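S.K.: Residue numbers (our numbering), protein chains in the order written: chain P, 2 to 326; chain L, 288 to 767. Submitted below is the structure of interest, expressed as structure tokens.
Here is the structure:
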């Protein structure tokens, strides 16, 4: 009897496994991707949809349920016209709020400047690391070290450098006329500190990705170019740049997405009140106030802005892959 | 081809069958591992500060000695050290309807929003009449106000201990400079900001220490609730007119920040940092510190004082034992006094303003309405409203009693370094300024901090900053 049961259960297990083995490679691949997509739907898309639904309700700070009646897109209108009742504004078209106190501009300025500097510095580092020279291994380690430092430690390093209690950098920066006496409390100075801190750490990430791209270029192309008399600039322009554009765009895409979500570095250095990024606005509205519907609208707008930028990159990547760049 | 041979066609040596089996088994194991846990014992749980956890045996014994039934066991859990983080935890707990913990220790700065949302138990309907009378008649009334419903007046929290700042100072440096704190009775007779600043400037100059005065002026919750609020009050200014408006009615009370006493408060602070000749500084006050204070909260401001690098320092009483321990001060070279004032009490622009003013902090006990044992939790609170328990907490934890009479009668020998300064503490307790906590205060607090900080920094003139603040506060008032 028990032998029959074992046999039945074994055949029950064997049947789907046999079915599985007869599928095509593509079908099997999709089958394996299924759980991952399901997980993504649960942890990413469902919260995004819920966030959007919450953002259409009123803030209810007097009731146990933080979401009030349906008010449509009012929060979005308020956020985009500078009328939001949050500690900082998302966007104020009248510019009564200083530019670096508007979350959208702070975040865009940070993302554009940081990715620009990180790409330029990372490219330079990668070009150096791509050469054969004595001690190359040590130089690689030195370049990678900042990237290995945890984000809060990195932020604390810069906080302490400019802290009025123990910092040494403020006096120097003040003496050359760059900063005022309270850089961590002054929006423009603090923005610069956060920007430099990010560039210092993350240029290594760009360098590594670009280096991987550089090393995949066939060296014989350079030999041919040399034989035909191409100058170093021409070799860079006609060989390196076109062949590296794909990996470069992917690296820039990753960095841009990270930069658009900047929060931890700001929180641990100058604070969200001084440098209000988009994520700062969401966290502040959620943690310090009970305007959770407004916070949801900011979160959804943040996702929309990032999506638009990712789409721009994807268009660039498609062109790059089809050889149009 | 060998089945384990890796080629461009076969990228894996593992068959589909084995992969699915292994992945399936791992998934089941992880699912099972995620199950289980939870549970708990039958005691009443109270989330409080770490110090209460450290003194758990003594505090629980005191509760039983005060009449709490032996059948009711109390367990103290240490909550997050940072007040804001603890509030977020309580928000999650109450929004989710969780039954644990049974009793919360809530900051008086954010209890009222929970009360108006009806998220904590109404103690007026639960506590005995005797205890309610004791609380209403004998407890520090400003503390009771921050534990009551602004409209109905019902009690929702039992004040556990109040907290009020004092001015800490280096008695040795002051005496070396020729002043006589004891002869002039600095401990109980508040001085004006004018005299304070002159002394601070003189002693700073003579002693050569790094700062004449350290305080908290960062853009944070402590600026709006406390340091700016008390200084403005001592100048006769107010956020919302008469102090009876501090707790509402929201949207139906005047906004009075754009007035002369408030501008003068900012101008005095700018003078303290930048000197009387600076832009928007008050010409009558000398420089006694520098702009470093614009980035300081409590611990940043305390460090230079404890390290011997400051003459005067504004902080909460927790700094007293720290200064004795870490600063190695003793009675001969360290003392405290009430916070100075600019206009006499009662001569301010609004009721409740003027005179020496101390921001009222402190914590309350509230009951989770989702608790499975609210009756037992109420019994625990009944026992907390007992003089012997208050004394035990004062002695074991260091928090002063919420009843002024108990504080004044406390045995100085049993309460550590604070025992040296009970007279000053009593003066501070009689001159407190409650935080203007309403349901909309969490929105208003960062706005106040930001605009005041802008004015301190000099990014805006006092009148421009306060005009902007007036508009933003009004918008928030009308949003509810």
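Cβ atoms here follow ideal geometry from the backbone N, Cα and C, with glycine treated the same way. On a predicted model such as this, the values are computed, not experimentally measured, just so you know.
Between residue 447/L and residue 671/L, how many whole angstroms is the CB-CB distance? I'm expecting something under 8 Å.
M.R.: As a working mapping, residue 447/L is identified with position 160 in the second chain. As a working mapping, residue 671/L is identified with position 384 in the second chain. Indeed they touch by this definition, with Cβ atoms about 7 Å apart.
S.K.: Under 8 Å between C-beta atoms, does residue 62/P make it to chain L?
M.R.: The residue you call residue 62/P lines up with position 61 of the first chain. Yes, contact with chain L.
S.K.: Taking the alpha carbon of residue 266/P as the reference point, which residue from 242/P, 94/P and 201/P has its own alpha carbon closest?
M.R.: The sequence position of residue 266/P within the first chain is 265, counting from 1. Comparing Cα-Cα distances from residue 266/P to each of 242/P, 94/P and 201/P, the minimum goes to 201/P.
S.K.: Can you name, in chain order, every residue of its own chain whose Cβ lies under 8 Å from the Cβ of residue 556/L, other than the five neighbours on each side?
M.R.: Here residue 556/L refers to the residue found at position 269 when the second chain is read from its first residue. Excluding residues up to 5 positions away in sequence, 504, 518 and 743 lie with their Cβ nearer than 8 Å to the Cβ of residue 556/L in the same chain.
S.K.: Please say whether residue 526/L and residue 723/L have beta carbons closer to each other than 8 Å?
M.R.: For the purposes of this step, residue 723/L is taken as residue 436 along the second chain, with counting starting at 1. For the purposes of this step, residue 526/L is taken as residue 239 along the second chain, with counting starting at 1. Result yes, Cβ atoms of residue 723/L and residue 526/L sit closer than 8 Å.
S.K.: In the segment 85-110 of chain P, which residues sit with their C-beta less than 7 Å from some C-beta in chain B, listed in chain order?
M.R.: No chain B is part of this structure, whose protein chains are labelled P and L.
S.K.: Please decide whether residue 324/P counts as near chain L, where near means a Cβ-Cβ distance under 8 Å.
M.R.: The residue you call residue 324/P lines up with position 323 of the first chain. No answer about residue 324/P holds up, because its pLDDT of 49 lies below 50 and its placement is not dependable.
S.K.: Give me, in chain order, the residues of the same chain whose beta-carbon lies closer than 6 Å to that of residue 301/P; leave out the 5 immediate sequence neighbours on both sides.
M.R.: Working through the first chain from its first residue, we reach residue 301/P at position 300. So the qualifying residues of the chain are 52, 53 and 56.
S.K.: How would you label residue 644/L, buried or exposed, when you count the other beta carbons within 10 angstroms and need 16 or more for buried?
M.R.: For the purposes of this step, residue 644/L is taken as the residue at position 357 of the second chain. When all chains shown are included, residue 644/L counts as buried.
S.K.: Is any beta-carbon of chain L found at less than 8 Å from that of residue 278/P?
M.R.: For the purposes of this step, residue 278/P is identified with residue 277 of the first chain, where counting begins at 1. At least 8 Å separates the CB of residue 278/P from every CB of chain L.
S.K.: At least one CB of chain L closer than 8 Å to the CB of residue 58/P: is that the case?
M.R.: Residue 58/P sits at position 57 when you count from the first residue of the first chain. Not an interface residue.
S.K.: Report yes if the C-beta distance between residue 253/P and residue 107/P is below 8 Å; otherwise report no.
M.R.: The residue given as residue 253/P occupies position 252 in the first chain. The residue given as residue 107/P occupies position 106 in the first chain. No, the Cβ-Cβ distance between residue 253/P and residue 107/P is not below 8 Å.
S.K.: Would you identify the three-state DSSP class for residue 184/P, choosing helix, strand or coil?
M.R.: Taking the first chain and counting its residues from 1, the one referred to as residue 184/P is at position 183. When DSSP states are grouped into helix, strand and coil, residue 184/P belongs to the helix group.
S.K.: For a contact meaning CB atoms closer than 8 Å, what does residue 509/L contact in chain P?
M.R.: For the purposes of this step, residue 509/L is taken as the residue at position 222 of the second chain. The premise fails here: residue 509/L is roughly 13 Å from chain P at the closest Cβ pair, so nothing lies under 8 Å.
S.K.: Cβ closer than 7 Å: which chain P residues qualify as neighbours of residue 766/L?
M.R.: For the purposes of this step, residue 766/L is identified with residue 479 of the second chain, where counting begins at 1. Within chain P, the residues near residue 766/L are 86.
S.K.: Cβ of residue 246/P less than 8 Å from any chain L Cβ?
M.R.: Taking the first residue of the first chain as 1, we reach residue 246/P at position 245. Not one chain L Cβ lies under 8 Å of residue 246/P.
S.K.: What first and last residue would you give for the beta strand (DSSP E) that runs through residue 455/L?
M.R.: Walking along the second chain from the start, residue 455/L turns up at place 168. Note, residue 455/L: beta strand (DSSP E), 453-456.
S.K.: Suppose the cutoff is 7 Å on Cβ atoms and the five residues either side in sequence are ignored; what does the same chain contact list for residue 577/L look like?
M.R.: Mapped onto the second chain, residue 577/L falls at position 290. These residues qualify, in order along the chain: 560.
S.K.: Note down, one range per segment and in chain order, each alpha helix (DSSP H) of at least 4 residues found wholly within the segment 418-448 of chain L.
M.R.: 428-432
S.K.: According to a CB-to-CB cut-off of less than 8 Å, which residues of the segment 397-413 of chain L neighbour chain P?
M.R.: Residues passing the 8 Å Cβ filter: 400, 403, 404, 405 and 406.
S.K.: Assess contact between the segment 530-542 of chain L and the segment 432-447 of chain L, defined as three or more Cβ pairs (one per stretch) separated by less than 8 Å. Is contact present?
M.R.: yes
S.K.: Can you tell me the Cα-Cα spacing of residue 496/L and residue 616/L, whole angstroms?
M.R.: If you number the second chain from 1, residue 496/L lands on position 209. If you number the second chain from 1, residue 616/L lands on position 329. Each residue's alpha carbon lies about 16 Å from the other.
S.K.: The segment 279-312 of chain P: which residues have C-beta closer than 8 Å to a C-beta of chain L, in chain order?
M.R.: 285, 288, 289, 290, 291 and 292
S.K.: Identify the contact partners of residue 520/L in chain P, using a Cβ-Cβ distance below 8 Å as the criterion.
M.R.: In the second chain, the residue the question calls residue 520/L occupies position 233. Neighbours of residue 520/L on chain P: none; closest Cβ ~24 Å, over 8 Å.
S.K.: Taking residue 378/L as part of the alpha helix (DSSP H), name the residues at either end of that continuous run.
M.R.: The residue you call residue 378/L lines up with position 91 of the second chain. 370-382 is the extent of the alpha helix (DSSP H) around residue 378/L.
S.K.: If I measure Cβ to Cβ from residue 683/L and keep anything under 7 Å in the same chain, skipping five residues before and after, which residues do I get?
M.R.: Mapped onto the second chain, residue 683/L falls at position 396. Same-chain partners within the cutoff: 342, 345 and 346.
S.K.: Residues of the segment 600-621 of chain L in Cβ contact with chain P at a cutoff of 8 Å, in chain order, please.
M.R.: none
S.K.: Which parts of the segment 658-726 of chain L are runs of the alpha helix (DSSP H), unbroken and 4 residues or longer, counting only runs that do not cross its ends?
M.R.: 661-671, 674-683, 691-696 and 709-717
S.K.: Using a 10 Å radius around the Cβ and a threshold of 16 neighbouring Cβ atoms, would you call residue 41/P buried or exposed?
M.R.: Position 40 of the first chain, counting from 1, holds the residue named residue 41/P. With fewer than 16 Cβ atoms within 10 Å of its Cβ, residue 41/P is classed as exposed.
S.K.: Quick one: is residue 274/P near chain L, going by C-beta distance under 8 Å?
M.R.: Indexing the first chain from 1 puts residue 274/P at position 273. It does: the Cβ of residue 274/P has a partner Cβ on chain L nearer than 8 Å.
S.K.: Determine which residues of the segment 164-190 of chain P have a Cβ less than 8 Å from any Cβ of chain L, and write them out in chain order.
M.R.: The segment 164-190 of chain P vs chain L, Cβ under 8 Å: 164, 165, 166, 182, 183, 185, 186 and 187.
S.K.: With 8 Å as the threshold, decide whether the Cβ of residue 156/P is near any Cβ in chain L.
M.R.: By one-based count along the first chain, residue 156/P stands at place 155. For residue 156/P, the answer is no, since every Cβ of chain L falls outside 8 Å of its Cβ.
S.K.: Rounded C-beta distance between residue 90/P and residue 104/P? I'm assuming under 8 Å.
M.R.: What you label residue 90/P is simply residue 89 of the first chain in a count that begins at 1. What you label residue 104/P is simply residue 103 of the first chain in a count that begins at 1. Sure, about 7 Å apart at Cβ, within 8 Å.
S.K.: Please state the DSSP three-state secondary structure of residue 109/P.
M.R.: Along the first chain, read from residue 1 onward, the residue named residue 109/P stands at position 108. In this structure, residue 109/P counts as helix in the three-state DSSP scheme.
S.K.: Can you give the beta carbon distance from residue 718/L to residue 642/L, rounded, assuming they're within the 8 Å contact cut?
M.R.: The sequence position of residue 718/L within the second chain is 431, counting from 1. The sequence position of residue 642/L within the second chain is 355, counting from 1. About 6 Å separates the two Cβ atoms, so the contact holds.
S.K.: Measure the C-alpha to C-alpha separation of residue 697/L and residue 604/L and round it to an integer number of angstroms.
M.R.: Taking the second chain and counting its residues from 1, the one referred to as residue 697/L is at position 410. Taking the second chain and counting its residues from 1, the one referred to as residue 604/L is at position 317. One C-alpha to the other measures close to 16 Å.
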